[in-house]
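Some notes on the structure that comes next.
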Amino acid sequence: MAAAQAGDAAAYERLLRAILPFLRAVARRRIQDPAEAEDAVQDALLTIHQLRHTFDPGRPLRPWIGAIAERRAVDRLRRHGRRGGRELPLEDYRETLAAPAANAGEARVAATELRAAVAELPPAQRTALALAKLEDLPLAEASARSGMSVGALKVATHRAVKALRRRLGPEGSR
Amino acid sequence: MRTEELVAQLAKGLPPVRRLPAPWVQALGWLAVALCVAVLPALYVGDARGWRLRIHTAFELMNTLASLATAVAALLAAAHLARPDRSARWALLPLVPLLVWLATLGAGCAVDGLTLETKRVPWRFDLICMASIMLVGMPTAAVLFRLLRHAGPVRPMPVQLCGGLAAAMLASALMSLVHGAETAPVVLVFHGLGILAVLGFSGLAGRLLMQRPALT
Chain A
1 MAAAQAGDAA AYERLLRAIL PFLRAVARRR IQDPAEAEDA VQDALLTIHQ LRHTFDPGRP
61 LRPWIGAIAE RRAVDRLRRH GRRGGRELPL EDYRETLAAP AANAGEARVA ATELRAAVAE
121 LPPAQRTALA LAKLEDLPLA EASARSGMSV GALKVATHRA VKALRRRLGP EGSR
Chain B
1001 MRTEELVAQL AKGLPPVRRL PAPWVQALGW LAVALCVAVL PALYVGDARG WRLRIHTAFE
1061 LMNTLASLAT AVAALLAAAH LARPDRSARW ALLPLVPLLV WLATLGAGCA VDGLTLETKR
1121 VPWRFDLICM ASIMLVGMPT AAVLFRLLRH AGPVRPMPVQ LCGGLAAAML ASALMSLVHG
1181 AETAPVVLVF HGLGILAVLG FSGLAGRLLM QRPALT
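So the sequences go chain by chain: A and B. Quick note on numbering: the numbering used here labels position 50 of the first sequence as 50, and the sequence is numbered without any gaps. Just remember that the numbering used here sits 1000 ahead of the position in the second sequence, which is counted from 1.
This is how it looks when you write it as structure tokens:
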């Protein structure tokens, strides 16, 4: 940290990477949601950066970092609590029937149906669809990754989309 | 943004920083500034009341000394609490001198009440005393919060409290020296109002004068 205070960027980057597991441990001890805990880790990194001039190299580093990480985790929890108090999940209000399966199932059924339809495609079409549509890669890159020519990729993608449309399209067109 | 990317971004083009001086050095610096700020109001009040030593009883002396000790203890506590790695127990440091100050106020009042020797000073001086405490306490508190602005992202509230107490008690002690540490209830009310006003100001303005935490 003393080197970082003097402007040694490489030493600073090494230090920040070395303390990441400790920051994550502090955040996860307080916050259960992994994404929220990772946000607290990033907040702690920003605060460490902001306050690096307050560190006294004659004293141990761990309590200094620990106090900052704890504070940011607690702040996250408080903010989350406040937000949680003001906001209500919409999902609960979209339901119209008491039975949970009666309302929430529609999207899940559609997703399952789509996954099943994609699984039934021939392997070449499935690969082409995954690379060109789902991962949205440029055709040249998709071609390099799949080993198919650009032309073959275009044809396979087109056929895959057509097959899916046939299977999942409006009732009348099935 | 991924955490690893943030680390790389923070390290990129890292400028050197100047390390903060030790807390006691900061405390000494602030005391020097505070005394400079206090000079004019102290001169005014001292002149208005006629220059002479206004500490007559042992209670008054103890009261003024306790007030000074509270100011110094609260100042040291604030300077230490502003560092992330210092113990939160620093906040307890001003407690003993503060209790002594309150006790000497109460005892002084009781003695005055029993001996009926309290001489009322004119109302004008009470108001001047209160205004002087505010006039010295508020700007010096503001200077202290700027000096300890690094407390903002980690421990703002205890620093606001201790910092406000330091500024208020120093102003109160200085005013006691020139105005007199009279323990008559009315004087104490005005004195107390001045101190409360400085503490209130610290609560409101402290956060604005300190750094805000940088958040994602």
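Here a beta-carbon is modelled for each residue, glycine too, at the ideal position from N, C-alpha and C.
Check	Outcome
Minimum Cβ-Cβ distance from PRO1139/B to chain A less than 9 Å	no
Nearest-angstrom Cα separation, counted from VAL1198/B out to ALA1142/B	10 Å
Interfacial residues, the stretch 1150-1177 of chain B to chain A, with Cβ spacing under 8 Å	HIS1150, PRO1153, VAL1154, ARG1155
Residues within the stretch 1024-1040 of chain B neighbouring chain A, beta-carbon criterion of under 9 Å	none
Collapsed DSSP secondary structure at VAL1007/B in the structure displayed	helix
Below-9 Å beta-carbon distance, LEU1014/B vs any chain A residue	yes
Contacts that LEU1020/B makes with chain A (C-beta to C-beta distance below 7 Å)	HIS53, THR54
Own chain, CB closer than 7 Å to ALA1073/B, minus 5 neighbours either side, in chain order	LEU1093, PRO1094, PRO1097
is_contact[GLU38/A, chain B] using C-beta, thresh 9 Å	yes
Contacting positions in the stretch 1080-1092 of chain B - beta carbon closer than 7 Å to chain A	ARG1083, PRO1084, ASP1085
Cβ of ARG28/A within 9 Å of any chain B Cβ	no
GLN42/A classed as buried or exposed, judged by whether at least 16 other C-beta atoms fall within 10 angstroms	buried
Cβ pair count under 8 Å reaching 3, the stretch 104-123 of chain A against the stretch 138-149 of chain A	no
CB contact check: LEU1006/B to chain A, cutoff 9 Å	yes
Proximity below 9 Å, CB of ALA1131/B to CB of GLY1206/B	no
Amino acids of chain B, ordered along the chain, whose beta-carbon sits closer than 7 Å to that of ILE68/A	PRO1084, VAL1154
For ARG108/A, the three-state DSSP class (helix, strand or coil)	helix
THR1104/B at chain A interface by Cβ criterion, 9 Å	no
Whole alpha helix (DSSP H) elements within the stretch 1009-1047 of chain B, 4-residue minimum	none
Within-9 Å CB hit, VAL41/A to chain B	yes
CB contact check: ALA1011/B to chain A, cutoff 9 Å	yes
Neighbourhood of ILE19/A by C-beta, 7 Å cutoff - its chain only, sequence neighbours within 5 removed	ILE65
ASP8/A in three-state terms, based on DSSP	coil
For PRO51/A, three-class secondary structure by DSSP	Checking the sequence shown, residue 51/A turns out to be Leu, not Pro. Of the three classes helix, strand and coil, the one that applies to LEU51/A here is coil, per DSSP.
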